[in-house]
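Undergrad: Got a structure for you, written out below as structure tokens; questions coming shortly.
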Amino acid sequence: MRKRLYFWIFFDARAAAGNAEFSVTVTVTDTVDLFWEGAHQLRCPPVAASCRWFFRHRSNLSMQKAKSQSHVDPRGPIAAVILGAVVITYSSFSPPAKVGAAFPWTVNPTGLLNDLTTLLGLYAATIPAKELLNSVLKYVGDNIIGYVRMDEGDQKVPKLEVFEFHDLCYLAVNTLVEFVGMNHIGAFLFGKSVDYDPRNFNVFNGPLAFIAVFILNDAIYYPFHLVAHRRIFYPYCHKQHHRQFVPFRGYADAANQHPLEQMYGFSIWIASLWMISKVTGLHAATAWLGSFAWAILNICNHLPFDTRIHLPIPYPAFPQDHNTHHRFPNTNFATLSTMTDRMFGTFRPYKAAGQSESRTEDIPMLIEAVPSHWSVMGTGILLFFSLLAIEVVQLGGALPSTTMSTFVTSASFLLTLSLLCWALRKGASQKKEA
Ligand SMILES: [Zn+2]
Ligand SMILES: [Zn+2]
241 MRKRLYFWIF
251 FDARAAAGNA
261 EFSVTVTVTD
271 TVDLFWEGAH
281 QLRCPPVAAS
291 CRWFFRHRSN
301 LSMQKAKSQS
311 HVDPRGPIAA
321 VILGAVVITY
331 SSFSPPAKVG
341 AAFPWTVNPT
351 GLLNDLTTLL
361 GLYAATIPAK
371 ELLNSVLKYV
381 GDNIIGYVRM
391 DEGDQKVPKL
401 EVFEFHDLCY
411 LAVNTLVEFV
421 GMNHIGAFLF
431 GKSVDYDPRN
441 FNVFNGPLAF
451 IAVFILNDAI
461 YYPFHLVAHR
471 RIFYPYCHKQ
481 HHRQFVPFRG
491 YADAANQHPL
501 EQMYGFSIWI
511 ASLWMISKVT
521 GLHAATAWLG
531 SFAWAILNIC
541 NHLPFDTRIH
551 LPIPYPAFPQ
561 DHNTHHRFPN
571 TNFATLSTMT
581 DRMFGTFRPY
591 KAAGQSESRT
601 EDIPMLIEAV
611 PSHWSVMGTG
621 ILLFFSLLAI
631 EVVQLGGALP
641 STTMSTFVTS
651 ASFLLTLSLL
661 CWALRKGASQ
671 KKEA
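Those letters in the sequence shown? Residues 241 to 674, per this note's numbering, in order.
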């Protein structure tokens, strides 16, 4: 208990010094649980009840205060306006992506969107498309599978339930930043670094490149996210994203961030694709599937469902790990794997919010380190269909001839990897039961 109390004091001091006022509210809520747990260990229910009432009362007051004041830190919007001015100035002096293309390469990196109607039409189409995807994911999670929700407990879970004007402004600007970012990913996908020949698909530019690109993306993203949380930078950029304690909207909570974050998020993903293309080669099937998976996992990390969706990479992260980051901002900086957080001591296991009794699972380290066999098999199936789709498009709808034969080696590799993952996890769980 003493050890945990020291931890609480240390954590509270760090939160108060380093992050926003919201962190303090969350820490108070967490403190209730620690006192509740401690008082039970002392076998003294009246003390537990008193502690609980006192801290819950404090917590409620603090939340009401946060709700009514809703202070907008002007440093974030000012930084966004300066960033916008820099981008517009730089773009006005930039050449087009290729000869004959309209608009600067920064806005039209593929050089394919050469009239304003096409550009604006496509931009307008991306907004409902993203909302539709988000609604489908939410409908499946809520009504078809019925996942446990992380934003509901037997007690009230504090969260940003209503977007305010400045949240909507950030979201509106980010629809534009995302559209341009998607075009830059498109420019990379249609560029020289990606191999479109179905006969050239192999284990290295297929499954291994897929795994490596996500590991690299997380390794680069980690220091950026860590620095974004430093006190000197936090109010200028990342504070906006942490207005949400418990993400539940999916896309909107993911996109409610500073445009600078959107820009470096897209840049890190493209840089990761480019670096992997230089090391293992990169097939179009891998690059397209990876980019879709990257976008969808980012939405899933901000949905309220406690799913086990994860990538076939070491120490895969689940949506619950990013949920923990929103509640405890100095933990879980990486978003797709927990490897870097474990290496640097910033990993924090998930604990459900708003539950009167904590439910902590004792999971063996080996099971946490090894991805599930179905994540490996699922990736294999999706890679196969991605390769098939590319060949069908190239053949103009005719029946593909090479996909089956070129995929055999990768299928064998993925099957072996999947069996290995299954055996390791099975062995670890049996050892735990014994
Ligand atoms: Zn987030
Ligand atoms: Zn953060």
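Ideal placement from N, C-alpha and C gives every residue a C-beta, glycine not left out.
1. Bridge partners of residue 577, per DSSP?
2. Counting C-beta neighbours from all protein chains within 10 Å, is the total for residue 372 16 or more, i.e. buried, or is it exposed?
3. What does the Cβ neighbour count give for residue 314, buried or exposed, with the cut at 16 atoms within 10 Å?
4. Run through DSSP, which three-state label would residue 473 get?
5. Going by alpha carbons, who is nearest to residue 568 out of 590, 555, 549 and 548?
6. For residue 492, tell me which candidate among 551, 374, 618 and 666 has the shortest Cα-Cα distance.
7. Excluding the 5 residues preceding and the 5 following residue 282 in the sequence, name in chain order all residues of the same chain whose CB lies nearer than 7 Å to its CB.
8. Identify which residue in 629, 510 and 609 has its Cα closest to the Cα of residue 558.
9. Looking only at its own chain, which residues have a Cβ that is under 7 Å from the Cβ of residue 626, when we skip the five neighbours before and after it?
10. Quick one: Cα of residue 539 to Cα of residue 369, how far?
11. I need the boundaries of the alpha helix (DSSP H) containing residue 629, first residue and last residue.
12. Give me the DSSP bridge partner(s) of residue 389.
13. With distances taken between CB atoms, is the gap from residue 556 to residue 550 smaller than 7 Å?
14. Taking the alpha-carbon positions, what's the residue 378 to residue 573 distance?
15. Nearest-angstrom Cα distance between residue 348 and residue 500?
16. Here's the rule I'm using: 16 or more other beta-carbon atoms within 10 Å means buried, otherwise exposed. How should residue 322 be labelled?
17. For residue 308, which residues from the same chain have a beta carbon less than 7 Å from its beta carbon, with the 5 sequence-adjacent residues on both sides left out?
18. Cβ atoms of residue 421 and residue 506: under 7 Å apart, would you say?
19. What is the chain-ordered set of residues for which the beta carbon lies under 7 Å from any non-hydrogen atom of ligand 2?
20. For residue 461 and residue 575, which I take to be in contact (beta-carbon distance under 8 Å), what is that distance rounded to the nearest angstrom?
TA: Based on what the coordinates show:
1. As a working note, residue 577 is residue 337 in the sequence shown. Paired residues: 556.
2. Counting from one through the sequence shown, the residue named residue 372 turns up at place 132. Exposed is the call here.
3. Along the sequence shown, one-based indexing puts residue 314 at 74. The residue is exposed, with fewer than 16 neighbouring Cβ atoms inside 10 Å.
4. Within the sequence shown, numbered from 1, the residue matching residue 473 stands at position 233. Coil.
5. Residue mapping note: residue 568 aligns to position 328 of the sequence shown, counting from 1. The shortest Cα separation from residue 568 among 590, 555, 549 and 548 belongs to 590.
6. Taking the first residue of the sequence shown as 1, we reach residue 492 at position 252. Ranking 551, 374, 618 and 666 by Cα distance to residue 492 puts 374 first.
7. Your numbering for residue 282 matches position 42 in the sequence shown. Interpretation of residue 282 is limited by its pLDDT of 38, a score under 50 that renders its predicted location unreliable; the figure taken from the coordinates is listed afterwards. The answer is none, since no qualifying residue turns up.
8. Residue 558 sits at position 318 when you count from the first residue of the sequence shown. Nearest option by C-alpha distance: 609.
9. To locate residue 626, count along the sequence shown from 1; it is residue 386. Hits under 7 Å: 525, 528 and 529.
10. As a working mapping, residue 539 is identified with position 299 in the sequence shown. As a working mapping, residue 369 is identified with position 129 in the sequence shown. Their backbone Cα atoms lie some 13 Å apart in a straight line.
11. Taking the sequence shown and counting its residues from 1, one reaches residue 629 at position 389. Residues 613 to 634.
12. Against the sequence shown, residue 389 aligns to sequence position 149. Beta-bridge analysis with DSSP links residue 389 to 545.
13. In the sequence shown, counting from the first residue as 1, residue 556 sits at position 316. In the sequence shown, counting from the first residue as 1, residue 550 sits at position 310. Their beta carbons are under 7 Å apart, which means residue 556 touches residue 550 by this criterion.
14. Residue mapping note: residue 378 aligns to position 138 of the sequence shown, counting from 1. Residue mapping note: residue 573 aligns to position 333 of the sequence shown, counting from 1. Approximately 25 Å between the Cα atoms of the pair.
15. As a working mapping, residue 348 is identified with position 108 in the sequence shown. As a working mapping, residue 500 is identified with position 260 in the sequence shown. So the two alpha carbons sit approximately 19 Å from each other.
16. Working through the sequence shown from its first residue, we reach residue 322 at position 82. With fewer than 16 Cβ atoms within 10 Å of its Cβ, residue 322 is classed as exposed.
17. On the sequence shown, position 68 is the one that residue 308 refers to. With a pLDDT of only 47 at residue 308, under the threshold of 50, the placement of this residue in the model should not be trusted; the figure read from the coordinates follows. Cβ neighbours of residue 308 beyond the five flanking positions: none.
18. The residue you call residue 506 lines up with position 266 of the sequence shown. The residue you call residue 421 lines up with position 181 of the sequence shown. Their beta carbons are under 7 Å apart, which means residue 506 touches residue 421 by this criterion.
19. Those residues whose C-beta sits under 7 Å from the nearest heavy atom of ligand 2 are, from N- to C-terminal order along the chain, 465, 468, 469, 478, 481, 482, 565, 569 and 573.
20. Numbered from 1 along the sequence shown, position 221 holds the residue referred to as residue 461. Numbered from 1 along the sequence shown, position 335 holds the residue referred to as residue 575. Yes, they are in contact, since the Cβ atoms of residue 461 and residue 575 sit about 7 Å apart, within 8 Å.
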